[in-house]
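Residue numbers for the sequence shown, in mature numbering (1 follows the signal peptide of the UniProt record, and there is no 0): -36 to -1, 1 to 111. Ideal Cβ placement from N, Cα and C applies to all residues, glycine included. Everything below concerns the one structure shown next.
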Amino acid sequence: MATRGGAVVAMAALSLLSARAVTAFLLLFLPRFLQAQTFSFPFQQPEKCDNNQYFDISALSCVPCGANQRQDALGTSCVCLPGFQMISNNGGPAIICKKCPENMKGVTEDGWNCISCPSGLTAEGKCHCPIGHILGSHSCPGWSVVV
């Protein structure tokens, strides 16, 4: 019996030694390993972007719009400022805007053409249409028909 009891004590001592060795190993090396694997970046939300920025979902951050641009209604792209027409649109800030001529300050609904607006402009630079009227624009630049 003494041998069996001694074996149990020896196994318990070995088990305790192993547990301490594992604990020491984890305390010494695991934090270094975890630090090498951890990273963080600031969390941004689209509504936190300024009017001249848009939220780039691929970068999860606010990115400046280009010249003569502001963010669109969703805040995820840029659009031309009122009084400017789009010349090129490759998304995000890759939009090129050109100032409309003085006699055609409005832009078509799609933003690609400048048009004249007999009844004035909205805050977005679109033609104001009085009640009972409809605005029709022809695909030729500069043509506008108000019925």
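Check                                                                                                                                                                               : Outcome
Keeping to the same chain, check which residues put their C-beta closer than 8 Å to that of residue 61; ignore five residues upstream and five downstream.                          : 30, 31, 32, 33, 44, 45, 48, 49, 50, 51
Name the residue from 80, 97, 28, 95 whose alpha carbon lies nearest to the alpha carbon of residue 89.                                                                             : 80
Taking all protein chains shown into account, do 16 or more other C-beta atoms lie within 10 angstroms of the C-beta of residue 105, making it buried, or fewer, making it exposed? : Note that residue 105 has pLDDT 45, beneath the 50 cutoff, so the model's placement of it is unreliable and the number below is only indicative. Classification for residue 105: exposed.
Rounded to whole angstroms, what is the Cα-Cα separation between residue 26 and residue 73?                                                                                         : 26 Å
In its own chain, which residues sit with a C-beta less than 7 Å from the C-beta of residue 17, not counting the 5 before and 5 after it?                                           : 26, 27, 28, 29, 35
So within the segment 25 to 69, which uninterrupted beta strand (DSSP E) runs reach at least 3 residues, ignoring any that extend past its ends?                                    : 25 to 28, 33 to 35, 42 to 44, 48 to 53, 59 to 63
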